[in-house]
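Chains as they are written, first to last, in our numbering: chain A, 93 to 435; chain B, 2 to 295. What follows is a set of notes on a single structure, which appears directly below.
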C-alpha cells in the first residue's frame, strides 16, 4: 500500500469547472482596436462556460464532456473614416474690412470613424470541446549524475546535452524534417525540462482523443433560436400580458432544447465513436492530437525532484531530501488518485 | 472502497512515511538531535551513541555540524575556568498510529485506543567524568580555616592570624565567569531513557470557530528506579507538556479554509456520522477529508 495518497473525486473536478465558469463570468471581456488607413475595427470578447462536465472513466482517463464556451460579449465594430467635406462658412456680409455675417459651416463626415457597423454576436456562437486525457508518470535518471551524492546532484546544474540529444532523437523520427529544424525544435523544449542533476518524477499528459468544434453548430443554432424567440416574445409581443409570454417561453424553451439536442446527434455520435475507438476523428483534430502527444511525450506538465527537498538549505545546512518513489496516477470511474511511497 | 467516498478531496499519510521523514531528518540534520559540549562537537565518535552509520554522507561532505554545541556545564560552588563536558542525544523517534504495530508500547500504555497515536523516543545523556588525579590538579588552593580561639589568658595562639578580608572589598567580587576550559575525560558516563507518550486529537472551541487541539493521554518512562523518581520525572514531563507545549499545538480550523480566486472554497469536511473524525487517526494513517464549494 502506498504511504502517501491524494485523491479527488468526480465532483471535485466538476466543481473546478463550475468555479472556472464563475470566474470567467466575472472576468472583464477582452477588448482591442486597430486602425488601417481610413478603416478601423474594435472588438469586445468575453467567454462563458455554458455547459460541460468531467467524467472519470474506468479506462483510466479524464473525460471532458461537451465543454461549451459561449462568446459573450462578442461584438465587432467596423468603422470607416470618410474624407471630411466642409460646406458653408462663406462670408455674406463684410463691413469695414471684417466679415460680419457668415453662412453656417457644416462639416460632413467630421467624426472619426464616420460610419460604424456593429456586429453583435454576443451569446450566439459557441465552441465545444470534448476529449479524454490520461496521465502517466516516469522517472528521469540522468547518466550525467554519475557518482554524485543526492545533495551534490541537487546542487549541480545539468550542463550535459543528455536531454537535448534525447529530444533530437525523438524529433528526428519525423520524416522529411531537416536537421536544423529538428535541432531548433529540440532546443525550444529543452529549457522546459532541464534543471539540476537530481532524479525527477515526471507527469505526462496524453491526449487519447479530442473533438474541438470551433463553432458548435447545435449549440450555436440553439442560441440563435433562443435569442430569436426571446426577441419575438419579449419585444415584438411586449403588449401581450406577461403571463401569456411566460407560458410561451415555457412551451418553446424545451422545444428549442430538443432541436439543439437533435442537431447535436451527429457530433455526439462522433464523440461516442472517438471514445469507443479511443482516437480522434477529423483531420485537424488528428493533427492536433499527434502534435500534442508528440510534445506531451517529451515535456512533462509537472516534474518533482526525488529525493524531494522538504526543508531547503538555510545558513549553510544541506537541504533535507526525502526519497519519493513509486509515484503513480490511477483513475477509475470514481476518483483520481496520486500515490507515492516516502522511503 | 473509494478514498473520496465521504469527501471531495482526500489525503492520507502512513506512519511509515512520517517515520521515514523523521529518519531522514535525523540523518541529514543530526545537529537537531545531538547536543554536546566542545569535545563532542570536535569528536562526535565520543557521543554515547556514535553516529558513524547514522548520518548522511553529505553532512560531513558539506561540512555540516553533527553535534549542536552547548556551553560547558558549570560546577556548582566552583568559580574556576573548568566546566564539565556533557552530551544529550534524541534517538529512535517514531510515531505509531492506531492500530499499534510500529513500536512496542510499555504495559502501562497498552492497549492503544482507537484514534490515538503514540510517540517513542530514546534520550541518552552522557557526562564527561574527569579522572581523580586531574581533579586534584585543577582543584583551587584556598586559604585554610584558621580558627581563633579564646581559651583564657593562660592559653594563647602564638601563630599569627591570617589577614582578614577587608570589609570594604565585599561586594566588589566579580560574578563567576562561565567555564571556558573543559575538564579532561576518557569516555562519557552514559544512560538512556525510553520515553513513550500517547496523544489524540480533540475538537475544541465553538461550532463557529472549531479548534483542533493535541491532547496528552499518558506518558511513560521505562525502567527508571526507584519508582518514586520515575513517577516524579513523569509527572514533571507531563506538566511541562500539558502546560507549556500542548497549548501551542492548537489549530483553528478556520485557517484551513481557503478561497481560490474568490470562486472556489476549499475547507475541511465537517464532522458527521460518515466522517466522525477529521483528521482521522486510523489504519496506521493520518487521513484528511476536504470538501470543495463553488
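C-beta atoms are modelled at their ideal positions from N, C-alpha and C, and glycine is treated no differently.
Does the beta carbon of residue i sit closer than 8 Å to a beta carbon anywhere in chain A?
i: residue 25(B); result: yes
i: residue 29(B); result: yes
i: residue 9(B); result: yes
i: residue 295(B); result: yes
i: residue 62(B); result: yes
i: residue 5(B); result: yes
i: residue 18(B); result: yes
i: residue 102(B); result: no
Determine the DSSP secondary structure at residue i, reduced to helix, strand or coil.
i: residue 346(A); result: helix
i: residue 278(B); result: coil
i: residue 140(B); result: coil
i: residue 59(B); result: helix
i: residue 125(B); result: strand
i: residue 205(B); result: strand
i: residue 323(A); result: helix
i: residue 200(B); result: strand
i: residue 236(B); result: helix
i: residue 300(A); result: strand
i: residue 337(A); result: helix
i: residue 268(A); result: coil
i: residue 136(A); result: strand
i: residue 10(B); result: strand
i: residue 229(A); result: strand
i: residue 154(B); result: coil
i: residue 93(A); result: coil
i: residue 404(A); result: coil
i: residue 246(A); result: helix
i: residue 16(B); result: helix
What is the rounded straight-line gap between the Cα of residue i and the Cα of residue j?
i: residue 137(B); j: residue 184(B); result: 12 Å
i: residue 234(A); j: residue 415(A); result: 16 Å
i: residue 295(A); j: residue 263(A); result: 20 Å
i: residue 30(B); j: residue 67(B); result: 8 Å
i: residue 267(A); j: residue 380(A); result: 17 Å
i: residue 69(B); j: residue 285(B); result: 33 Å
i: residue 228(A); j: residue 423(A); result: 11 Å
i: residue 252(A); j: residue 258(A); result: 11 Å
i: residue 152(A); j: residue 98(A); result: 16 Å
i: residue 219(B); j: residue 110(B); result: 7 Å
i: residue 158(B); j: residue 146(B); result: 14 Å
i: residue 141(B); j: residue 73(B); result: 18 Å
i: residue 11(B); j: residue 280(B); result: 10 Å
i: residue 317(A); j: residue 114(A); result: 25 Å
i: residue 197(B); j: residue 387(A); result: 54 Å
i: residue 40(B); j: residue 47(B); result: 8 Å
i: residue 314(A); j: residue 121(A); result: 23 Å
i: residue 122(B); j: residue 8(B); result: 35 Å
i: residue 172(A); j: residue 198(A); result: 19 Å
i: residue 149(A); j: residue 241(A); result: 42 Å
Which chain A residues sit within Cβ distance under 7 Å of residue i?
i: residue 99(B); result: Near residue 99(B) there are no residues of chain A at all, since even the closest Cβ is about 16 Å away, more than 7 Å.
i: residue 13(B); result: 97
i: residue 58(B); result: 241
Do we get a CB-CB distance below 8 Å when we pair residue i with the residues of chain B?
i: residue 156(A); result: no
i: residue 290(A); result: no
i: residue 422(A); result: no
i: residue 176(A); result: no
i: residue 278(A); result: no
i: residue 101(A); result: yes
Which residues in chain B have a C-beta closer than 7 Å to the C-beta of residue i? List them in chain order.
i: residue 114(A); result: 264 and 295
i: residue 107(A); result: 9, 265, 293 and 295
i: residue 427(A); result: 3, 4 and 5
i: residue 110(A); result: 295
Can you pull the chain A residues whose beta carbon is under 9 Å from the beta carbon of residue i, in chain order?
i: residue 22(B); result: 402, 412, 414 and 434
i: residue 65(B); result: 408, 409 and 410
What does residue i touch in chain B if you count any residue whose Cβ is under 8 Å from its own?
i: residue 249(A); result: Within chain B, no residue comes near residue 249(A); the closest Cβ sits about 17 Å away, beyond 8 Å.
i: residue 104(A); result: 5, 9, 10 and 293
Do the segment 183–190 of chain A and the segment 116–133 of chain A touch if we need at least three Cβ pairs shorter than 8 Å? Three or more beta-carbon pairs separated by less than 8 Å are not found between the segment 183–190 of chain A and the segment 116–133 of chain A, which leaves the two stretches without contact.
Is the segment 239–253 of chain A touching the segment 301–314 of chain A, taking contact as three or more C-beta pairs under 8 Å? Contact between the segment 239–253 of chain A and the segment 301–314 of chain A is absent, because fewer than three Cβ pairs lie under 8 Å.
Would you check if the segment 205–220 of chain A and the segment 158–173 of chain A touch, i.e. whether three or more CB-CB distances between them fall below 8 Å? Below 8 Å, enough C-beta pairs join the segment 158–173 of chain A and the segment 205–220 of chain A to call them touching: three or more.
Should the segment 267–283 of chain A be regarded as contacting the segment 330–350 of chain A, the criterion being three or more beta carbon pairs within less than 8 Å? Three or more Cβ pairs closer than 8 Å define a contact, and the segment 267–283 of chain A falls short of that threshold against the segment 330–350 of chain A.
Do the segment 81–99 of chain B and the segment 10–24 of chain B meet, that is, are 3 or more Cβ pairs less than 8 Å apart? These segments touch.
Could you say if the segment 178–194 of chain B and the segment 71–91 of chain B meet the contact criterion of at least three C-beta pairs nearer than 8 Å? By the Cβ rule, the segment 178–194 of chain B counts as touching the segment 71–91 of chain B, because three or more pairs are nearer than 8 Å.
Determine, using beta-carbon pairs with one atom in the segment 277–284 of chain A and one in the segment 346–357 of chain A, whether at least three such pairs fall under 8 Å. No: the two stretches stay apart, fewer than three of their Cβ pairs being nearer than 8 Å.
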